[in-house]
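Novice:
Protein chains: 4
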Amino acid sequence: MARTIDPERHRARRLHIIDAALTVFAERGYTGATTAAICREAGIGSGTFFHYFETKKSVLLAILELGIEETQQLARDLESHTDPLAVLGELVDRALADSTEPRLAGFVLAVGGVMGEPEVARALAADDAAQHALLRTWVARAQRAGQIRTDLSPERLASWMQVLLGGFLERAAADAEFTAAREGDELRAAVDRLLRG
Amino acid sequence: MARTIDPERHRARRLHIIDAALTVFAERGYTGATTAAICREAGIGSGTFFHYFETKKSVLLAILELGIEETQQLARDLESHTDPLAVLGELVDRALADSTEPRLAGFVLAVGGVMGEPEVARALAADDAAQHALLRTWVARAQRAGQIRTDLSPERLASWMQVLLGGFLERAAADAEFTAAREGDELRAAVDRLLRG
Amino acid sequence: MARTIDPERHRARRLHIIDAALTVFAERGYTGATTAAICREAGIGSGTFFHYFETKKSVLLAILELGIEETQQLARDLESHTDPLAVLGELVDRALADSTEPRLAGFVLAVGGVMGEPEVARALAADDAAQHALLRTWVARAQRAGQIRTDLSPERLASWMQVLLGGFLERAAADAEFTAAREGDELRAAVDRLLRG
Amino acid sequence: MARTIDPERHRARRLHIIDAALTVFAERGYTGATTAAICREAGIGSGTFFHYFETKKSVLLAILELGIEETQQLARDLESHTDPLAVLGELVDRALADSTEPRLAGFVLAVGGVMGEPEVARALAADDAAQHALLRTWVARAQRAGQIRTDLSPERLASWMQVLLGGFLERAAADAEFTAAREGDELRAAVDRLLRG
DNA sequence: CATGAATGAGCATTCATTCAT
DNA sequence: TATGAATGAATGCTCATTCAT
Numbered sequence: 048m049a050r051t052i053d054p055e056r057h058r059a060r061r062l063h064i065i066d067a068a069l070t071v072f073a074e075r076g077y078t079g080a081t082t083a084a085i086c087r088e089a090g091i092g093s094g095t096f097f098h099y100f101e102t103k104k105s106v107l108l109a110i111l112e113l114g115i116e117e118t119q120q121l122a123r124d125l126e127s128h129t130d131p132l133a134v135l136g137e138l139v140d141r142a143l144a145d146s147t148e149p150r151l152a153g154f155v156l157a158v159g160g161v162m163g164e165p166e167v168a169r170a171l172a173a174d175d176a177a178q179h180a181l182l183r184t185w186v187a188r189a190q191r192a193g194q195i196r197t198d199l200s201p202e203r204l205a206s207w208m209q210v211l212l213g214g215f216l217e218r219a220a221a222d223a224e225f226t227a228a229r230e231g232d233e234l235r236a237a238v239d240r241l242l243r244g
Numbered sequence: 048m049a050r051t052i053d054p055e056r057h058r059a060r061r062l063h064i065i066d067a068a069l070t071v072f073a074e075r076g077y078t079g080a081t082t083a084a085i086c087r088e089a090g091i092g093s094g095t096f097f098h099y100f101e102t103k104k105s106v107l108l109a110i111l112e113l114g115i116e117e118t119q120q121l122a123r124d125l126e127s128h129t130d131p132l133a134v135l136g137e138l139v140d141r142a143l144a145d146s147t148e149p150r151l152a153g154f155v156l157a158v159g160g161v162m163g164e165p166e167v168a169r170a171l172a173a174d175d176a177a178q179h180a181l182l183r184t185w186v187a188r189a190q191r192a193g194q195i196r197t198d199l200s201p202e203r204l205a206s207w208m209q210v211l212l213g214g215f216l217e218r219a220a221a222d223a224e225f226t227a228a229r230e231g232d233e234l235r236a237a238v239d240r241l242l243r244g
Numbered sequence: 048m049a050r051t052i053d054p055e056r057h058r059a060r061r062l063h064i065i066d067a068a069l070t071v072f073a074e075r076g077y078t079g080a081t082t083a084a085i086c087r088e089a090g091i092g093s094g095t096f097f098h099y100f101e102t103k104k105s106v107l108l109a110i111l112e113l114g115i116e117e118t119q120q121l122a123r124d125l126e127s128h129t130d131p132l133a134v135l136g137e138l139v140d141r142a143l144a145d146s147t148e149p150r151l152a153g154f155v156l157a158v159g160g161v162m163g164e165p166e167v168a169r170a171l172a173a174d175d176a177a178q179h180a181l182l183r184t185w186v187a188r189a190q191r192a193g194q195i196r197t198d199l200s201p202e203r204l205a206s207w208m209q210v211l212l213g214g215f216l217e218r219a220a221a222d223a224e225f226t227a228a229r230e231g232d233e234l235r236a237a238v239d240r241l242l243r244g
Numbered sequence: 048m049a050r051t052i053d054p055e056r057h058r059a060r061r062l063h064i065i066d067a068a069l070t071v072f073a074e075r076g077y078t079g080a081t082t083a084a085i086c087r088e089a090g091i092g093s094g095t096f097f098h099y100f101e102t103k104k105s106v107l108l109a110i111l112e113l114g115i116e117e118t119q120q121l122a123r124d125l126e127s128h129t130d131p132l133a134v135l136g137e138l139v140d141r142a143l144a145d146s147t148e149p150r151l152a153g154f155v156l157a158v159g160g161v162m163g164e165p166e167v168a169r170a171l172a173a174d175d176a177a178q179h180a181l182l183r184t185w186v187a188r189a190q191r192a193g194q195i196r197t198d199l200s201p202e203r204l205a206s207w208m209q210v211l212l213g214g215f216l217e218r219a220a221a222d223a224e225f226t227a228a229r230e231g232d233e234l235r236a237a238v239d240r241l242l243r244g
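Chains as they are written, first to last, in the working numbering: chain A, 48 to 244; chain B, 48 to 244; chain C, 48 to 244; chain D, 48 to 244.
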C-alpha cells in the first residue's frame with residue numbers, strides 16, 4: 048500500500064545536499080552561504096532542504112559528524128597493520144592528499160567563523176579528538192616498538208603531529224606555491240625529525 | 048572654539064573603535080559581530096561608528112592593515128641586530144607570546160569566515176606576505192652567516208617556519224592543554240630542527 | 048477486489064478527519080493548526096488528508112456545515128413537541144451542555160480568527176442564522192401560545208436569547224469559576240426574565 | 048551635543064503603530080495580519096516597526112495592556128461618583144458605545160485566535176479581570192446602597208453583567224440588524240432585570 | 001486508495017547604513 | 001562632530017499543497 052521510504056535514496060539525497068553545502072560553505076563561509084545558494088547548488092527547492100535538515104546549522108554539524116565517522120572508519124581500517132611507523136607515514140600521506148582538495152581549507156576556515164556556537168565548538172572538538180586519538184594510538188605503538196623517541200608522551204607527540212599537519216594544510220591554503228607536490232617530501236622529513244627527536 | 052579637527056583625537060578615537068571591534072570580532076566572529084555590539088563595546092553611537100569607518104568591513108580591513116604595519120615596524124626595529132639566528136629566535140618568542148593573547152585566535156578564526164570577500168582575502172594575503180618577508184630576510188641572513196641549512200631556499204624555509212608557527216597557534220587555540228608555557232621549549236626545538244635540517 | 052468505493056467507509060473516514068481537525072483547531076486555533084498536526088491526530092498521511100478535503104479551509108467549512116446540519120436535525124427532532132416554552136427550555140439546556148464541551152469554546156475562538164475569509168464569514172453567518180431560525184420558530188409559537196411577552200418581535204427575542212446564550216458560553220470559556228453547574232439555574236432564570244419581560 | 052530622544056514623539060509614534068495594528072488585526076485576524084500590512088497601514092518601513100516593538104506579538108500585548116490601563120483610568124475617573132446604580136448605567140452606556148466601534152469586535156475575535164500563546168492568554172485574563180473588578184466594585188456599592196438585589200454575590204452579578212455586555216457585543220458584530228441604536232434600550236432593560244432579580 | 005517526498009510562496013525578523021538634527 | 005531614529009534588502013524557515021508511486 049503505502050509507498051515505503053527508500054532509505055537508500057534518502058541517504059543519497061542527504062549526502063548530495065551535504066556535498067553542495069560543503070562547496071558553498073567553502074566558497075563563502077558559513078554565514079555567507081545562504082540556504083538559497085546551497086539549494087541552488089544542490090538543485091533542490093528550499094523546502095526540500097529543510098525536509099532533510101532541521102536548520103542550516105544542522106548541515107554543518109552533519110558534515111563535521113561525517114568527518115568523525117571517516118576518521119573512525121580509517122582507524123578501524125588501519126587496525127590490522129603491524130608496522131606503526133608505516134601507519135604514521137600513511138596518515139601523513141593522507142593529510143597531504145587532503146591538502147589538495149580545494150574545498151577542505153575553505154571549509155575549515157568557514158567553520159572557524161561559527162565557533163561561537165557551542166554545538167559547533169563541541170563538534171569541532173570531537174573531530175579534533177578523533178584525529179588526535181588515531182595519531183596517539185599509533186604513536187604509542189611506535190614508541191613501544193622502539194621506532195620513535197619516547198621522551199615525549201604519546202599525547203604530546205600526537206599534538207605535535209597535528210601542529211605539523213594542520214600548519215601544512217593552512218599554508219597550502221594560503222600560498223599557491225606551497226603545494227603537496229612540491230613540499231610533500233619536506234613534510235615527511237619534518238615529521239621524521241619530530242618523531243625521532 | 049576648537050572646531051578645527053584634531054587629527055590626534057581623530058586617530059585615537061579610530062583606534063578605540065578598532066580595539067572594540069577586535070574584541071567583538073574575536074568573541075562572535077565577523078558576521079556574528081553586529082555593528083551595534085561594536086558600538087556598545089566602544090561606548091559610542093552607531094552614527095559615530097560610520098563617521099569613522101565607511102562600512103563594517105572597513106574596520107576589519109583596518110585591523111588587518113594595522114597588522115601589516117606592526118610587522119613592518121617590527122622589521123625596522125630588528126634591522127640593527129647582528130645575529131640572524133637570535134632574531135629568528137626572537138620572532139619565535141613573539142609568536143609564542145601571541146598564542147597567549149586570547150583575542151588573537153578568535154580574531155583569526157573570525158577573519159577566516161570572511162575569506163570569500165576578495166578585499167579581505169587580499170588583505171590577509173598581504174599580512175601573510177609581510178610576515179613571510181620578515182622571516183625570509185633573516186632566514187637568508189642566517190644562511191649567509193652559515194648558521195642554518197642552505198639546502199632549502201630562504202622562501203621555502205620561511206614558509207616552513209610559518210607552518211610551525213601557524214600550526215602552533217592553531218593547536219593552542221584548539222586544545223586547552225597545549226599552551227605556550229608547556230610547549231614553548233618544544234616549539235623552539237622544532238624550529239631548531241627545521242633550521243638545522 | 049473491492050475496488051468499488053465504499054461510500055460508507057468514505058464518509059466515516061471524512062468524519063474521523065473532521066473530528067481530529069476539530070480537536071486541533073480548538074487546541075491551537077485555525078492558523079496554529081498545521082495540516083501536519085491534524086494528520087498526526089487523525090493517524091493519516093498528509094496525502095490522505097488532501098484526498099478527502101480540497102484545502103485546510105474546507106475542513107473548517109465542513110465542520111461549520113455539520114453544525115448547521117445538526118441544528119437543522121435538532122429542529123426536525125423538536126418539531127413534534129407541543130409546549131413551546133418547554134422547547135425553549137430544552138434549547139437552553141443544550142446550550143448549557145455545550146458550554147461544558149471543552150473543545151467547543153476553543154473552536155469558536157479558532158474560527159473567529161479566520162473571519163477575514165469571506166467564505167468562513169458566510170458559513171458562520173449561516174450557522175448563526177440556523178440557530179436564530181430555530182429559536183425564532185419556538186419563540187413565535189410561545190408568543191402565539193401566550194406563554195411569553197409579545198412586545199418584542201420573535202426575531203428580536205430570538206436575538207436576545209442568543210445574546211444570553213452566547214454571552215454565557217463566552218464567560219464560561221473566560222472564567223474557570225463560571226460553570227454550567229454553578230450558573231445553570233441563573234441562566235434559566237435570566238432567560239425566564241427575558242421572555243417574560 | 049547628542050540628539051536627545053523626544054519621549055513625546057516616541058510615544059506618539061508607538062501609538063500610531065498600535066492603531067494601525069489594531070486596524071489590521073481587526074480586519075484579518077492576528078495571523079492573517081502580516082507585519083508588512085501593518086507597516087503599510089502605518090506608513091512606516093518594516094525596520095521601524097521592529098524599532099518600536101520586539102515582535103509582532105508584542106504589539107498585540109501592548110494593545111491589551113492599553114485596554115487594561117484604559118479600564119483602570121476609567122475606574123479612577125468614576126471613583127468620585129456617589130450613585131452606584133448610575134455608574135453601572137454609565138458602564139452599560141460605554142459598552143453600547145464600544146459596540147459601535149467597528150474594529151473592536153474584529154479585534155476581540157482576532158485575539159481569540161491567539162489564545163494558545165500563554166502570554167496572550169494571561170493578558171486577556173488580566174483585561175477581563177480589570178473589567179470584572181470595576182463592575183464588582185460598583186455592584187457591591189449598589190448592593191450596600193440597597194439599590195439592587197443581594198441574593199447573588201457581587202462577583203457573580205459582575206460576571207452576569209459581563210455575560211450581557213459581552214453577549215451584546217458579540218451579537219452586534221454578528222448581526223447587522225442588531226445595533227446599539229435599536230437595541231440599546233433593551234440592553235438597559237435587560238441589565239435592569241438582572242440587577243433587580 | 002493511500003502515501004509522504006518535494007515544492008516554493010510567504011513570513012517574521014535582523015542589521016548595516018543613512019541622514020536630519 | 002556626534003547621535004540614534006528610520007530604513008528596507010536580505011535571510012532562515014514554515015507549511016499548505018501536489019504528484020509519482
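Even glycine gets a Cβ: it sits at the ideal position worked out from N, Cα and C.
All of these numbers come straight from a predicted model, not from anything done at the bench.
Express the C-alpha separation of threonine 81 of chain A and aspartate 145 of chain C in angstroms, rounding to a whole number.
Specialist: Counting from 1 along the third sequence, the entry for residue 145 of chain C is found at position 98. Counting from 1 along the first sequence, the entry for residue 81 of chain A is found at position 34. Taking the straight line joining both Cα atoms gives about 51 Å.
Novice: Report the rounded CA-to-CA distance for arginine 61 of chain B versus tyrosine 99 of chain B, giving the unit in angstroms.
Specialist: Mapped onto the second sequence, residue 61 of chain B falls at position 14. Mapped onto the second sequence, residue 99 of chain B falls at position 52. Computed Cα separation, rounded: 6 Å.
Novice: If we define contact as Cβ-Cβ less than 8 Å, is glutamine 209 of chain B a contact residue for chain A?
Specialist: Translated into the one-based positions of the second sequence, residue 209 of chain B becomes position 162. By this cut-off, glutamine 209 of chain B is an interface position.
Novice: When the Cα atoms are used, what is the spatial distance from tryptophan 207 of chain D to alanine 220 of chain C?
Specialist: The residue labelled residue 207 of chain D in the question sits at position 160 within the fourth sequence. The residue labelled residue 220 of chain C in the question sits at position 173 within the third sequence. The straight-line gap from Cα to Cα measures roughly 14 Å.
Novice: Taking C-beta to C-beta, are leucine 135 of chain D and valine 71 of chain D nearer than 8 Å?
Specialist: Indexing the fourth sequence from 1 puts residue 135 of chain D at position 88. Indexing the fourth sequence from 1 puts residue 71 of chain D at position 24. Contact: no.
Novice: Among A:Pro165, A:Ile64, A:Phe154, A:Leu125, which residue has its Cα nearest to the Cα of arginine 188 of chain A?
Specialist: Taking the first residue of the first sequence as 1, we reach residue 188 of chain A at position 141. Of the candidates A:Pro165, A:Ile64, A:Phe154, A:Leu125, the one whose C-alpha sits nearest the C-alpha of arginine 188 of chain A is A:Leu125.
Novice: Determine contact between the stretch 224-243 of chain A and the stretch 232-242 of chain B, defined as no fewer than three beta-carbon pairs at a distance below 8 Å.
Specialist: Judged by Cβ distances under 8 Å, the stretch 224-243 of chain A makes contact with the stretch 232-242 of chain B, as three or more pairs qualify.
Novice: What number of angstroms, rounded off, separates the C-alpha of threonine 118 of chain C from the C-alpha of alanine 205 of chain C?
Specialist: Position 71 of the third sequence, counted from the start, is the residue given in the question as residue 118 of chain C. Position 158 of the third sequence, counted from the start, is the residue given in the question as residue 205 of chain C. Computed Cα separation, rounded: 15 Å.
Novice: In the DSSP assignment, the alpha helix (DSSP H) including phenylalanine 100 of chain B goes from what residue to what residue?
Specialist: Along the second sequence, read from residue 1 onward, the residue named residue 100 of chain B stands at position 53. No alpha helix (DSSP H) holds phenylalanine 100 of chain B; DSSP gives it neither H nor E.
Novice: Can you list, in chain order, the residues of its chain with a C-beta nearer than 7 Å to that of arginine 41 of chain C? Leave out the 5 residues immediately preceding and following it.
Specialist: Look at the range of chain C in this structure, 48 to 244, and you will see that residue 41 of chain C is not part of it.
Novice: With a floor of 4 residues, list each alpha helix (DSSP H) that falls wholly inside the stretch 58-134 of chain C, ordered by position along the chain.
Specialist: Counting only runs of 4 or more, we get 82-89, 93-99, 103-125.
Novice: Ignore the nearest five residues each way along the sequence and tell me which others in alanine 49 of chain B's own chain have a CB closer than 7 Å to its CB.
Specialist: Numbered from its first residue, the second sequence carries residue 49 of chain B at position 2. Residue placement at alanine 49 of chain B is flagged as unreliable, the pLDDT there being 43, under the threshold of 50; the coordinate-derived value follows with that caveat. Excluding residues within five positions, none has a Cβ falling inside 7 Å.
Novice: Roughly how many angstroms lie between the CA atoms of glutamate 217 of chain B and alanine 180 of chain B, to the nearest whole one?
Specialist: For the purposes of this step, residue 217 of chain B is identified with residue 170 of the second sequence, where counting begins at 1. For the purposes of this step, residue 180 of chain B is identified with residue 133 of the second sequence, where counting begins at 1. Near 21 Å, if we compare the C-alpha coordinates of alanine 180 of chain B and glutamate 217 of chain B.
Novice: Report all residues from its chain with a CB closer than 7 Å to the CB of alanine 83 of chain D; omit the five preceding and five following residues, and keep chain order.
Specialist: On the fourth sequence, position 36 is the one that residue 83 of chain D refers to. Here the set comprises Ser93.
Novice: Name the residues in the stretch 70-95 of chain D whose C-beta lies less than 7 Å from a C-beta of chain C; which are they?
Specialist: So the list reads Glu74, Arg75, Gly76, Tyr77, Thr78, Gly79, given in the order they occur along the chain.
Novice: Determine whether the Cβ of glycine 193 of chain A lies closer than 8 Å to any Cβ atom of chain B.
Specialist: If you number the first sequence from 1, residue 193 of chain A lands on position 146. Not one chain B Cβ lies under 8 Å of glycine 193 of chain A.
Novice: How would you write the range of the alpha helix (DSSP H) that arginine 203 of chain C sits in, first residue to last?
Specialist: The residue labelled residue 203 of chain C in the question sits at position 156 within the third sequence. Run containing arginine 203 of chain C: 201-221, per the alpha helix (DSSP H) assignment.
Novice: Excluding the 5 residues flanking alanine 194 of chain A on each side, which residues of the same chain have their C-beta closer than 7 Å to its C-beta?
Specialist: Walking along the first sequence from the start, residue 194 of chain A turns up at place 147. One point to set straight first is that residue 194 of chain A is glutamine, not alanine, in the sequence displayed. These residues qualify, in order along the chain: Pro131, Leu132.
Novice: Between A:Gly159, A:Arg169, A:Leu212, A:Ala227, which has its C-alpha nearest arginine 75 of chain A's C-alpha?
Specialist: For the purposes of this step, residue 75 of chain A is taken as the residue at position 28 of the first sequence. Considering only alpha carbons, the answer is A:Gly159.
Novice: Kindly give me the distance between the Cβ atoms of leucine 143 of chain C and glycine 213 of chain C, rounded to whole angstroms, as I take these residues to be in contact under 8 Å.
Specialist: Here residue 143 of chain C is taken as the residue at index 96 of the third sequence, counted from 1. Here residue 213 of chain C is taken as the residue at index 166 of the third sequence, counted from 1. Not quite, the Cβ-Cβ distance comes to about 13 Å (not below 8 Å), so this is no contact.
Novice: For glutamate 116 of chain B and arginine 183 of chain B, what's the separation of their Cα atoms in angstroms?
Specialist: The count along the second sequence starts at 1 and reaches residue 116 of chain B at position 69. The count along the second sequence starts at 1 and reaches residue 183 of chain B at position 136. C-alpha separation (whole angstroms): 17 Å.
Novice: What are the boundary residues of the alpha helix (DSSP H) that glycine 153 of chain C is part of?
Specialist: The sequence position of residue 153 of chain C within the third sequence is 106, counting from 1. That run of the alpha helix (DSSP H) goes 149-159.
Novice: Does the ligand ADP have a heavy atom nearer than 7 Å to the CB of arginine 169 of chain A?
Specialist: The ligand ADP is not among the ligands present in this structure, which contains no ligands whatsoever.
Novice: Please state the DSSP three-state secondary structure of arginine 196 of chain C.
Specialist: Indexing the third sequence from 1 puts residue 196 of chain C at position 149. Correct three-state label for arginine 196 of chain C: coil.
Novice: Can you tell me which of the three DSSP states glutamate 224 of chain B falls into?
Specialist: Here residue 224 of chain B refers to the residue found at position 177 of the second sequence. Coil at glutamate 224 of chain B, not helix or strand.
Novice: Roughly how many angstroms lie between the CA atoms of glutamate 148 of chain A and alanine 173 of chain A, to the nearest whole one?
Specialist: Within the first sequence, numbered from 1, the residue matching residue 148 of chain A stands at position 101. Within the first sequence, numbered from 1, the residue matching residue 173 of chain A stands at position 126. Straight-line Cα distance between these residues: approximately 22 Å.
Novice: Going along chain A, which residues have a C-beta under 8 Å from glutamate 233 of chain B?
Specialist: Within the second sequence, numbered from 1, the residue matching residue 233 of chain B stands at position 186. Leu199, Arg203, Trp207, listed in chain order.
Novice: Which residues in the same chain as threonine 51 of chain A place their Cβ atom closer than 8 Å to its Cβ, once the five residues preceding and following it in sequence are excluded?
Specialist: Numbered from its first residue, the first sequence carries residue 51 of chain A at position 4. Residue placement at threonine 51 of chain A is poorly supported in this model, since its pLDDT is 49, which falls under 50; the coordinates still yield a value, given next. Excluding sequence neighbours, threonine 51 of chain A sits near nothing in its chain.
Novice: Return the CA-CA distance between leucine 261 of chain A and phenylalanine 154 of chain A, expressed in angstroms with no decimal places.
Specialist: Nothing about residue 261 of chain A can be read from this structure; chain A reaches only from 48 to 244.
Novice: Can you give the Cα-Cα distance for glutamine 120 of chain A and glutamine 178 of chain A, rounded to whole angstroms?
Specialist: Here residue 120 of chain A refers to the residue found at position 73 when the first sequence is read from its first residue. Here residue 178 of chain A refers to the residue found at position 131 when the first sequence is read from its first residue. Cα to Cα, the separation comes out at about 11 Å.
Novice: Terminal residues of the continuous alpha helix (DSSP H) containing aspartate 174 of chain D?
Specialist: Here the question's residue 174 of chain D lines up with position 127 in the fourth sequence. First-last of the alpha helix (DSSP H) with aspartate 174 of chain D: 165-191.
Novice: Report the three-state DSSP secondary structure of aspartate 53 of chain C (helix, strand or coil).
Specialist: Start at 1 with the first residue of the third sequence, and residue 53 of chain C comes out as number 6. The answer is coil: DSSP assigns aspartate 53 of chain C none of H, G, I, E or B.
Novice: I want to see whether chain B comes within less than 8 Å of alanine 180 of chain A, judged by CB atoms only; does it?
Specialist: What you label residue 180 of chain A is simply residue 133 of the first sequence in a count that begins at 1. Chain B, which has no Cβ nearer than 8 Å to the Cβ of alanine 180 of chain A, makes this no.
Novice: Among D:Thr78, D:His128, D:Ala168, which one has its Cα closest to the Cα of glutamate 112 of chain D?
Specialist: In the fourth sequence, counting from the first residue as 1, residue 112 of chain D sits at position 65. Checking every option, the nearest Cα to that of glutamate 112 of chain D belongs to D:Ala168.
Novice: Compute the beta-carbon to beta-carbon distance between alanine 73 of chain B and alanine 176 of chain B, rounded to the nearest angstrom, for a pair I have assumed lies under 8 Å.
Specialist: As a working note, residue 73 of chain B is residue 26 in the second sequence. As a working note, residue 176 of chain B is residue 129 in the second sequence. That belief does not hold up - the Cβ atoms of alanine 73 of chain B and alanine 176 of chain B are roughly 23 Å apart, past 8 Å.
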